[in-house]
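Residue numbers for the sequence shown, in the working numbering: 791 to 1084.
All C-beta atoms, glycine included, are put in the ideal place defined by N, C-alpha and C.
Here's the structure, in structure tokens; my notes come after.
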Amino acid sequence: MKFRDAARVNGFVVLLIWLVLTIALAAVAVAGFVAFGQNQNAAALAGAIVACVVAVLLFLGVTGLTVVNPNEAKVVQFFGRYIGSVSHPGFFSVLPLTDRRSISLRVRNFETQKLKVNDADGNPVEIAAVVVYKVVDSFKAAFAVDDYEEYVATQSEAAVRHLATTHPYDAHDDDRTSLRDGAEVAGELTVELRERTETAGIEVIEARITHLAYAPEIAQAMLVRQQANQVVAARARIVEGAVGMVGMALERLTAEGMVDLDEERKATMVSNLLVVLCGDRPAQPVVNAGSLYN
């Protein structure tokens, strides 16, 4: 069994026909009872009784009237049997004596709790995500799962946990995707959730990480590690620039013939320049007033 549109007609037309027939039958019933009271006419009494019975049956017909709001679907069941859904907004009449369950088709969002899980490197992290979804199949949402909202919540937490265990918090290699790579991680989470919630007739529009942090017990240690990585990266950049500047200085001195240095003096000059350029404190200049080699 799958989703299908329920048979329906305009509710205002049915209501108008019901009112007209009810008034007519009421008039026939009154006239019959009056005639029976005056003339003891059995045929008039029988006609009045039939009119009353038909009026009661017509009343059962209006039990199929239902109002469908925008972005809402009515799942129609006739004594337990699914006969279709009404997804168009308006006032309709469906099969009488049916049970109609409302399913919202509006876009919803759901935010998971902050979950504590180990990432791909084994580090405990706290992670949470927001999921934006809507119902696209009212039949599956009503009958494929017990509660589609609870189903989405459970599958979202499972998908977030799985995502956290397959990616590290920080990727130290260029070929690895970390949890901090927002666009790529959001894409993976969205695709996984779409596969998980398709059974319930749910379309996941978007899923994104809203909270990501190391667990409190290792947060301080990881902060020191991150600071050390930044210091090493900064030092490497400084050394790279200093080496380039020293090479440029030696090339200029040699090209312009300002001074002729042997290999030992070049090594001394390189050492002094690197100390000045790479040091984290201001250099204290020493003026040599004697010979270059004394």
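Distance from the Cα of Gly837 is smallest, within the candidate group Val820, Val876, Leu848, for Val820.
Going by DSSP, His952 is part of the alpha helix (DSSP H) stretching over 938 to 956. With a threshold of 16 other beta carbon atoms within 10 Å, Gln945 meets it and is buried.
According to the DSSP assignment, Lys930 belongs to the alpha helix (DSSP H) that extends over 928 to 933. When secondary structure is reduced to three states using DSSP, Ala1003 falls in the strand class. Ranked by Cα distance from Pro879, the options Asn861, Phe868, Arg871 are led by Asn861.
When Ser883, Asp889, Lys864, Gly870 are compared, the shortest CA-CA separation from Ser877 is found for Lys864. Remark: C-beta atoms of Ile917 and Ala954 approach each other more closely than 7 Å. In the three-state reduction of the DSSP assignment, Val857 falls in the strand class. When the five nearest sequence neighbours on each side are left out, the beta carbons in the same chain lying within less than 6 Å of the beta carbon of Ala1003 are those of Glu916, in order along the chain. Assigned with DSSP and collapsed to three states, Leu887 falls in coil, not helix or strand. Between Phe900 and the set Glu1030, Asn800, Glu996, the nearest pair of CA atoms involves Glu996. If you draw a straight line from the Cα of Glu940 to the Cα of Thr902, it comes to about 12 Å. Boundaries of the beta strand (DSSP E) around Gly874: 871 to 876. Per DSSP, Ala990 lies in no beta strand (DSSP E) and is assigned neither H nor E.
Note on Val935: 16 or more other CB atoms within 10 angstroms of its CB, so buried under the neighbour-count rule.
Pairing Ala845 with Leu815 gives a Cβ-Cβ distance under 7 Å. Contact check for Ala990 and Ala931: beta-carbon distance about 6 Å, within the 8 Å limit, so the pair qualifies.
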